[in-house]
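Chains as they are written, first to last, in my numbering: chain A, 59 to 176; chain B, 59 to 176; chain C, 59 to 176; chain D, 59 to 176.
Where is the CB? At the ideal position from N, CA and C, for every residue including glycine.
On a predicted model such as this, the values are computed, not experimentally measured, just so you know.
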DNA sequence: GTGGTCTAGACCACC
DNA sequence: GTGGTCTAGACCACA
């Protein structure tokens with residue numbers, strides 16, 4: 059697994075987990091990999107995975123059963139979708155639109171680039 | 059001047075300068091404010107501005123005349139536009155499109171959000 | 059460690075590192091001393107070492123693993139050799155040859171001086 | 059006239075003058091361009107040329123006749139040749155040889171590169 | 001006046 | 001523990 063430099067690793071792992079939830083790969087109620095397992099497969103320090111899990115738990119996306127492991131919360135998929143949508147529209151979108159204008163990329167250009175990417 | 063916490067200040071100042079170049083506010087060949095002046099107006103340490111200038115110089119966006127100051131490079135506007143466009147299309151756009159799909163935001167939704175922001 | 063005055067210290071430390079890589083003293087994949095450690099052994103401020111490391115990282119000679127340290131990049135030895143050879147042949151050599159001619163030092167003189175230095 | 063970043067401009071101008079003397083373009087006893095003239099032709103601040111002249115005067119390569127101008131000293135050509143030869147052999151040559159070895163450029167390689175440059 | 005470098009010391013996020 | 005950033009302040013060479 060490769061991480062980019064810009065974001066903390068524990069955040070990037072969190073995004074990966076959310077992605078898996080959104081894609082339905084990890085369903086609600088399912089158990090996540092143990093911290094150690096996941097750390098090994100990600101080639102990362104267990105502390106880092108632990109931090110990811112803790113962070114996601116605080117957002118109620120996953121929950122912990124002591125001694126057993128972490129599980130995807132019920133309703134997680136919807137919750138993640140709503141949360142990310144809100145953040146995206148409130149924070150990312152304005153920056154994106156500003157940049158599109160600054161770089162003189164019209165909505166038509168964008169639409170075309172969008173369809174190319176399919 | 060206010061800076062957000064996500065990016066280093068010296069980067070944000072660099073982006074501000076590029077923006078000014080793109081908007082035609084600072085034209086090619088024009089002298090930038092001296093390190094000290096700019097530091098005062100940005101309410102920042104001179105070292106920080108120095109770092110910004112050095113970084114932009116490495117990208118050939120500005121150049122230095124010894125003992126005189128920094129100047130906008132000839133062709134800078136175009137260069138910045140091309141560089142940022144390339145980065146945007148190669149790196150940001152794929153992430154954006156991926157996210158749009160993941161969040162089930164259609165191109166129509168996006169278009170509407172775009173027009174609302176005007 | 060003694061530094062001469064002509065070049066910035068952070069550059070001289072960079073040259074030292076490259077030399078160590080070229081000589082095979084620091085092998086690819088190996089971890090460099092931490093910024094603080096190295097600063098102490100060089101009798102220099104940590105900021106200075108940091109600057110050296112950052113500069114070498116930009117040239118892809120070393121890379122950073124977050125929270126762990128800096129490492130010699132794979133292929134670094136060859137890369138450094140090629141880079142320095144290119145710079146030497148393209149930039150230094152012409153100046154040297156020009157100077158040899160200007161100072162009326164023949165190739166034979168040079169050869170002799172070379173062998174004396176052994 | 060273009061100057062590189064590494065050396066001070068006043069030094070580079072000094073080297074140019076010495077070169078002209080060595081090449082016999084500016085002969086002993088001849089008057090150098092006035093500070094102002096030279097500054098204009100070099101696209102440089104007169105202070106800079108002044109500093110060059112002062113420095114060369116201290117080395118007795120040129121001399122000043124008040125109100126008239128600077129002149130190439132008698133015996134300058136020989137003096138410059140000796141001085142530069144000494145500096146070259148004492149200081150530059152060891153560095154060059156060390157670098158040749160580090161970069162694995164043999165004397166044969168060097169000889170070949172030398173002849174190519176003709 | 002200009003920028004370039006360096007130190008000292010601090011704070012922070014991250015692993 | 002690791003590096004990254006920033007400030008404050010100093011000194012220097014250069015134009």
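Check whether chain C comes within 8 Å of residue i, counting only Cβ atoms and requiring the distance to be less than that.
| i | result |
| --- | --- |
| residue 169 of chain D | yes |
| residue 48 of chain D | It is not possible to answer for residue 48 of chain D, since the shown part of chain D is limited to 59 through 176. |
What span of residues does the beta strand (DSSP E) with residue i cover, start to end?
| i | result |
| --- | --- |
| residue 127 of chain C | 127 to 130 |
Using a beta-carbon distance below 8 Å, is residue i in contact with chain B?
| i | result |
| --- | --- |
| residue 67 of chain D | yes |
| residue 157 of chain A | yes |
| residue 77 of chain A | yes |
Going by DSSP, what residue range makes up the alpha helix (DSSP H) through residue i?
| i | result |
| --- | --- |
| residue 108 of chain A | 104 to 116 |
| residue 83 of chain C | That residue, residue 83 of chain C, is in no alpha helix (DSSP H); it is neither H nor E in DSSP. |
| residue 122 of chain A | Taken as a continuous stretch (DSSP letters only), residue 122 of chain A belongs to no alpha helix (DSSP H), being part of the beta strand (DSSP E) at 120 to 123. |
| residue 91 of chain C | Note, residue 91 of chain C: premise wrong, no alpha helix (DSSP H); not H, not E. |
| residue 167 of chain B | 165 to 174 |
| residue 152 of chain B | 151 to 160 |
| residue 139 of chain C | 134 to 145 |
Using the beta-carbon of each residue, which ones in chain B are nearer than 8 Å to residue i?
| i | result |
| --- | --- |
| residue 143 of chain A | 161, 163 |
Any beta-carbon of chain A closer than 8 Å to the one on residue i?
| i | result |
| --- | --- |
| residue 175 of chain B | yes |
| residue 185 of chain B | Outside the shown range of chain B, which is 59 to 176, sits residue 185 of chain B, and nothing can be said about it. |
Less than 8 Å between the CB atoms is what I'm expecting for residue i and residue j, so what's the real figure, rounded?
| i | j | result |
| --- | --- | --- |
| residue 111 of chain C | residue 120 of chain C | 7 Å |
| residue 83 of chain A | residue 138 of chain A | Not quite, the Cβ-Cβ distance comes to about 13 Å (not below 8 Å), so this is no contact. |
| residue 113 of chain D | residue 67 of chain D | About 12 Å separates the two Cβ atoms, so there is no contact after all. |
| residue 71 of chain A | residue 100 of chain A | 6 Å |
| residue 152 of chain B | residue 64 of chain A | Rounded, the Cβ-Cβ distance is 15 Å, inconsistent with contact. |
| residue 170 of chain A | residue 76 of chain A | In fact, because the Cβ distance is near 29 Å, the residues do not count as touching under 8 Å. |
| residue 163 of chain A | residue 172 of chain B | Wrong, their Cβ atoms sit about 11 Å apart, outside the cutoff. |
| residue 108 of chain C | residue 93 of chain C | 5 Å |
Report the neighbours of residue i on chain D: residues whose CB is nearer than 9 Å to its CB, in chain order.
| i | result |
| --- | --- |
| residue 124 of chain B | 61, 63, 66, 67 |
Strictly below 9 Å CB to CB, what residues from chain B border residue i?
| i | result |
| --- | --- |
| residue 119 of chain A | Under the 9 Å cutoff, chain B gives no residues; its nearest Cβ is about 15 Å from residue 119 of chain A. |
Please list, in chain order, the chain D residues whose beta carbon lies closer than 7 Å to that of residue i.
| i | result |
| --- | --- |
| residue 147 of chain C | 171 |
| residue 80 of chain C | 160 |
Applying a beta-carbon distance threshold of less than 8 Å, which residues of chain A neighbour residue i?
| i | result |
| --- | --- |
| residue 139 of chain B | 161, 162 |
What residues from chain A crowd round residue i, counting only those whose CB sits closer than 7 Å?
| i | result |
| --- | --- |
| residue 151 of chain B | 171 |
**Prompt:** Should the region 127 to 135 of chain C be called in touch with the region 77 to 96 of chain C, which here means at least 3 C-beta pairs below 8 Å?
**Reply:** Yes, the region 127 to 135 of chain C is in contact with the region 77 to 96 of chain C.
**Asked** Are at least three pairs of beta-carbons, each pair with one atom in the region 141 to 148 of chain C and one in the region 157 to 175 of chain C, less than 8 Å apart?
**Response** no
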